[in-house]
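Those protein sequences? They're chains A and B, same order as listed.
Per the working numbering, residue 1 is the first one in the first sequence, and the count goes up by one each step.
Per the working numbering, residue 452 is the first one in the second sequence, and the count goes up by one each step.
The beta carbon of each residue, even a glycine, is placed where N, CA and C say it ideally should be.
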Amino acid sequence: MSADRYQALANSALGGAVVKRLGLPAPPRLDRHEPGMPVVTGPVVFGEARGGRLREAVHEVMRSIGARLVDAKTAGDGDDRPAALVFDATGIDSTQRLRALYDFFHPTIASLKRNGRVVVLTTPAIEADSVGAATAQRAIEGFARSVAKEIGRYGSTAQLVEVAAGGEGAMESTLRFLLSARSAYVDGQAIHIQAADSVTVPEDWERPLAGRSAAVTGAARGIGEAIAETLAGQGAEVLCIDVPPAGEALAEVANRIGGTSLALDITDAGAPQRLADHIGERGGRIDVFVHNAGITRDRTIARMPPEGWDGVLEVNLSAQERINGALLEGELLGDDGRIASVSSVSGIAGNRGQTNYATSKAGVIGMVRALAPVLRERRVTVNAVAPGFIETKMTEAMPVGTREAGRRMNSLIQGGQPVDVAETIAWLVSPASGGVNGNVVRVCGQQLLGA
Amino acid sequence: MSPDALNDAAVLGGNRIPFARRDREYAHASNQDMFTAALDGLVARFGLQGERLGEVAAGGVLKRSRDFNLTRECVLGSALAADTPAYDVQQACGTSLETTIHVANKIRLGQIESGIAGGFDTTSDAPIELNDDLRELLLDLNRTRSTTGRLALLGRLRPGQVVPAIPRNEEPRTGLSMGEHQAISTKRWGLTREEQDEIAVESHRRLAAAYDRGFFDDLVTPFLGLERDGNLRPDSSMEQLAKLKPVYGEGSDASMTAGNSTPLTDGAAAVLLSSDDWAEAHDLPVLAHFVDAETGAVDYVHGESGLLEAPLYAVPRMLERNRLTLQDFDFYEIHEAFASQVAMTLKAWQDPAFCKDKLGLNEPLGEIDREKLNVNGSSLAAGHPFGATGARIVATLAKLLAERGSGRGLISICAAGGMGVAAIMERRG
Numbered sequence: 001m002s003a004d005r006y007q008a009l010a011n012s013a014l015g016g017a018v019v020k021r022l023g024l025p026a027p028p029r030l031d032r033h034e035p036g037m038p039v040v041t042g043p044v045v046f047g048e049a050r051g052g053r054l055r056e057a058v059h060e061v062m063r064s065i066g067a068r069l070v071d072a073k074t075a076g077d078g079d080d081r082p083a084a085l086v087f088d089a090t091g092i093d094s095t096q097r098l099r100a101l102y103d104f105f106h107p108t109i110a111s112l113k114r115n116g117r118v119v120v121l122t123t124p125a126i127e128a129d130s131v132g133a134a135t136a137q138r139a140i141e142g143f144a145r146s147v148a149k150e151i152g153r154y155g156s157t158a159q160l161v162e163v164a165a166g167g168e169g170a171m172e173s174t175l176r177f178l179l180s181a182r183s184a185y186v187d188g189q190a191i192h193i194q195a196a197d198s199v200t201v202p203e204d205w206e207r208p209l210a211g212r213s214a215a216v217t218g219a220a221r222g223i224g225e226a227i228a229e230t231l232a233g234q235g236a237e238v239l240c241i242d243v244p245p246a247g248e249a250l251a252e253v254a255n256r257i258g259g260t261s262l263a264l265d266i267t268d269a270g271a272p273q274r275l276a277d278h279i280g281e282r283g284g285r286i287d288v289f290v291h292n293a294g295i296t297r298d299r300t301i302a303r304m305p306p307e308g309w310d311g312v313l314e315v316n317l318s319a320q321e322r323i324n325g326a327l328l329e330g331e332l333l334g335d336d337g338r339i340a341s342v343s344s345v346s347g348i349a350g351n352r353g354q355t356n357y358a359t360s361k362a363g364v365i366g367m368v369r370a371l372a373p374v375l376r377e378r379r380v381t382v383n384a385v386a387p388g389f390i391e392t393k394m395t396e397a398m399p400v401g402t403r404e405a406g407r408r409m410n411s412l413i414q415g416g417q418p419v420d421v422a423e424t425i426a427w428l429v430s431p432a433s434g435g436v437n438g439n440v441v442r443v444c445g446q447q448l449l450g451a
Numbered sequence: 452m453s454p455d456a457l458n459d460a461a462v463l464g465g466n467r468i469p470f471a472r473r474d475r476e477y478a479h480a481s482n483q484d485m486f487t488a489a490l491d492g493l494v495a496r497f498g499l500q501g502e503r504l505g506e507v508a509a510g511g512v513l514k515r516s517r518d519f520n521l522t523r524e525c526v527l528g529s530a531l532a533a534d535t536p537a538y539d540v541q542q543a544c545g546t547s548l549e550t551t552i553h554v555a556n557k558i559r560l561g562q563i564e565s566g567i568a569g570g571f572d573t574t575s576d577a578p579i580e581l582n583d584d585l586r587e588l589l590l591d592l593n594r595t596r597s598t599t600g601r602l603a604l605l606g607r608l609r610p611g612q613v614v615p616a617i618p619r620n621e622e623p624r625t626g627l628s629m630g631e632h633q634a635i636s637t638k639r640w641g642l643t644r645e646e647q648d649e650i651a652v653e654s655h656r657r658l659a660a661a662y663d664r665g666f667f668d669d670l671v672t673p674f675l676g677l678e679r680d681g682n683l684r685p686d687s688s689m690e691q692l693a694k695l696k697p698v699y700g701e702g703s704d705a706s707m708t709a710g711n712s713t714p715l716t717d718g719a720a721a722v723l724l725s726s727d728d729w730a731e732a733h734d735l736p737v738l739a740h741f742v743d744a745e746t747g748a749v750d751y752v753h754g755e756s757g758l759l760e761a762p763l764y765a766v767p768r769m770l771e772r773n774r775l776t777l778q779d780f781d782f783y784e785i786h787e788a789f790a791s792q793v794a795m796t797l798k799a800w801q802d803p804a805f806c807k808d809k810l811g812l813n814e815p816l817g818e819i820d821r822e823k824l825n826v827n828g829s830s831l832a833a834g835h836p837f838g839a840t841g842a843r844i845v846a847t848l849a850k851l852l853a854e855r856g857s858g859r860g861l862i863s864i865c866a867a868g869g870m871g872v873a874a875i876m877e878r879r880g
């Protein structure tokens, strides 16, 4: 874990006072999940706009996670302050009725605990009965993203979850993730849940990946290492893949998490076949494939050598396409198969000096969106995460100015940790996340850049 | 027990660290560091964390006396289950082919289901012993009770005794180094500089090509920043090798140089073996089976044989027992201690007089197709950490056979002390 000295200072007694007096931004301390922690650490206030369709489904999830549901009026003080506010906005069918948001959040938002959670549930605009309803449902996105910006300095987050008709029963894995400390650095996101015929309910929600096999590329260090570790911690048997020169670190990761190592340069022409053979020989299938391997070769387009362009596009995008092809062609993805790719906020917002990288990462988004409807027929999902500023060896090497700007320019006023990306991936690839398909979820603390 | 009643011993894969030239990347790595790394890389490849294996057998030539249980110490420091037993074997350059034989035999007898065979050697972190004079004096001192007696002994201390005894690459009974011994054989067999240099160039070229095509991606794990064997010279050429001065032998026909002899090397290697049932239960594919082996020795002290000639005798005995001819193989792995040893081996087996007089054969064993010999290079390019070479070769040959789909391979390794170890591996189609 990389050091954010300013955050440490701002959270100390003396430093905190100085930071406050000078009016400097004070990055909050984010809680992160630890084994045995409950999903929510306090009561949950549930509210709804009249005519909403998710009350039953939400209540069922709250029972499952053991959350204490309270009414807005009975929400307590002190330690009994609500840990989350969940609002079913699906009943809002006209712009006039958007007032229900104000009526619920105006009196309750101040009572939300630090590291609190806000989740607003909507219907996809495309499924709305009328133009007026569609307009209103879409309007809610602006509300949720703005609430996120208001509560970020307390370490709290707000998200919007769009639940398609038929997706009501598929919400649990997503609500568990968003309400818990596992989503610490995911903020201001709009997540779509599609209709799902059946959703696999894990026996143990601490280990939803038990009995599942997973492969992670770029697993020798950084975010890939955290992904491998998190998936293994949730029960998966993890195949750790990285380039041959990273073999020593790769073996160390594999041994630490009880997985296996495979030295493979994914850009080799023969790599998809070698991977397919390896999976075929070792158990015959893989349930989860995480495309994490990525490189940067930053240069402005005018100064970029051709190999800087080709290398980045190859590793970050083309290799993923070829591997997906081999997995699907060989029918190597198990039932309820999951593919997750690591994109980047650069791929959404663009970044100076990263035409190659941003092209590759935007391409990942395109690939995920295009593949999702195709894979849906096979009961396979594909999603992407788009990390913002994550504290790794790579960011440690950045110039101070750029690094500090990257760290602070988001609603949570700090960089994320590799585990934040890993937890997000783990949610997306959970067998219980069958309704989550074709999503691009940013792990960026609601970075100011991009949409 | 008839051979048919025995289990098959399967080779599932291997792992080694890149071999380093003496006093380079591994200058400060101990045998224990290196073999633990080789073990951990193997464990990672096959997901053996916490697994109790039948045994781990390994060894090295240059060991400190305190490292009597070194392999067991490596197991305890590795990701394997701590209740995996281990033992050390030392048979010079044949060490880890010999440990492979031990593990394979136990698997064949059904005494164990799985095991790791390996070896290691450091020429950099070498053991240095007390000078024998000083050692004897100190032992006498320990045995003496009276103060006057002790003082008398201490009076025998001399500055010269401080000079330590450094291990040397020489045969105790002849005082000749291995290279000097082989120089005698080179002369006797009339081996030319050119044929030796050709073997060396080919070794480097083939090892480099194998690395380039990713052959070693699942056989080698980088260690201490070294990703490929430090001795490898992909651009080695006859012209370059021709410039080197002979280092062994005397006279105008001396032909053994640093280029066609293996350098002192540090490294470690390990091979995973099991029964077919164990492999299947663990979802691990079998690369090849370990069929038979033969260890031999020659009297190089009093007899006419050269120090490194034992495989010349061990291989034909093994072929005879298996009713095979020398040509019944798809791959030949002849350890390149010196290019001259390989050239001598090939020449001897084609020599009617040698085959008749020494081997008692009516016909010579015949020629070996050079395209099947050391196809991915051998010790001249990779280097030769004595204890690790056998395991390197077993893993390489097993993968070659797996890539080919079916076939048979022969291993021949010469060893100090006038010994040699040979083996047959096979992949049934």
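In this model, threonine 522 of chain B and glutamate 877 of chain B are separated by some 28 Å (Cα to Cα). When rounded, the separation of the alpha-carbon atoms in serine 791 of chain B and glutamate 649 of chain B is 11 Å.
In chain order, Asp727 and His740 place their CB closer than 6 Å to the CB of aspartate 459 of chain B, counting only its own chain and leaving out the 5 sequence neighbours on each side. Histidine 655 of chain B counts as buried, since no fewer than 16 other beta carbons sit within 10 angstroms of its beta carbon. Ranking A:Leu112, A:Ala134, A:Val118 and A:Lys73 by CA distance to the CA of glutamine 96 of chain A puts A:Ala134 first. Threonine 359 of chain A and glycine 347 of chain A have their C-alpha atoms spaced approximately 6 Å apart.
Residues of the stretch 281-303 of chain A with a C-beta less than 9 Å from any C-beta of chain B: Glu281, Arg282, Gly283 and Gly284, listed in chain order.
Residue state for glutamate 745 of chain B is assigned as strand, using DSSP reduced to three classes. The shortest CA-to-CA distance from valine 752 of chain B to any of B:Cys525, B:Leu513 and B:Ala867 is the one to B:Ala867.
Taken through DSSP and simplified to helix, strand or coil, arginine 338 of chain A comes out as strand. Taking the CA atoms as reference points, arginine 53 of chain A sits about 9 Å from alanine 165 of chain A. Here serine 430 of chain A is not near glycine 188 of chain A, since their CB atoms are 8 Å or more apart. Ranking B:Ile819, B:Ala788, B:Gly841 and B:Val737 by CA distance to the CA of arginine 879 of chain B puts B:Val737 first. Residues of chain B whose Cβ lies closer than 8 Å to the Cβ of leucine 275 of chain A do not exist, since the nearest Cβ in that chain is about 12 Å away. By DSSP's assignment, cysteine 444 of chain A forms no beta bridge with any residue.
Threonine 672 of chain B has a beta carbon lying within less than 8 Å of a beta carbon in chain A.
Contact between isoleucine 191 of chain A and methionine 171 of chain A fails: their C-beta atoms lie close to 10 Å from each other, not under 8 Å. Separation of glutamate 314 of chain A and leucine 677 of chain B (C-alpha to C-alpha, rounded to the nearest whole angstrom) is 26 Å. Excluding the 5 residues flanking it on each side, threonine 123 of chain A has same chain C-beta neighbours closer than 6 Å at Thr90 and Gln137, in chain order. Close to leucine 264 of chain A, with beta-carbon spacing below 8 Å, are these residues of chain B in chain order: Asp668.
Within 10 angstroms of the beta-carbon of glutamate 784 of chain B lie 16 or more other beta-carbons, which makes it buried. Using a Cβ distance threshold of 8 Å, aspartate 287 of chain A and alanine 263 of chain A do not count as a contacting pair. With 16 or more other Cβ atoms from the protein chains shown falling within 10 Å of its own Cβ, serine 863 of chain B counts as buried.
Taking the CA atoms as reference points, serine 213 of chain A sits about 5 Å from alanine 236 of chain A. Methionine 689 of chain B counts as exposed, since fewer than 16 other C-beta atoms from the protein chains shown sit within 10 angstroms of its C-beta. At a cut-off of 8 Å between beta carbons, aspartate 420 of chain A makes no contact with chain B. Note: glutamate 580 of chain B is bridge-paired with B:Ala616 in the DSSP secondary-structure output. Neighbourhood of glutamine 500 of chain B in chain A, by CB distance below 7 Å: Asn255 and Gly258, in chain order. Per the C-alpha coordinates, the member of A:Ala181, A:Arg117 and A:Ala13 positioned closest to arginine 32 of chain A is A:Ala181.
Contacts between phenylalanine 497 of chain B and chain A, judged by CB atoms closer than 7 Å, involve Thr260 in chain order.
Around the beta carbon of phenylalanine 143 of chain A, a 10 Å sphere encloses 16 or more other beta carbons of the protein chains shown; the residue is thus reported as buried. For aspartate 491 of chain B, the closest Cβ of chain A is nearer than 8 Å. DSSP, reduced to helix, strand and coil, places proline 387 of chain A within a strand of the structure shown. In this structure, valine 44 of chain A lies near arginine 68 of chain A, with their beta-carbon atoms less than 8 Å apart.
Residue range 546-560 is occupied by the alpha helix (DSSP H) that includes valine 554 of chain B. Take isoleucine 301 of chain A, set aside five residues on each side of it, and the residues of its chain with a beta-carbon closer than 8 Å to its own are Thr355, in chain order.
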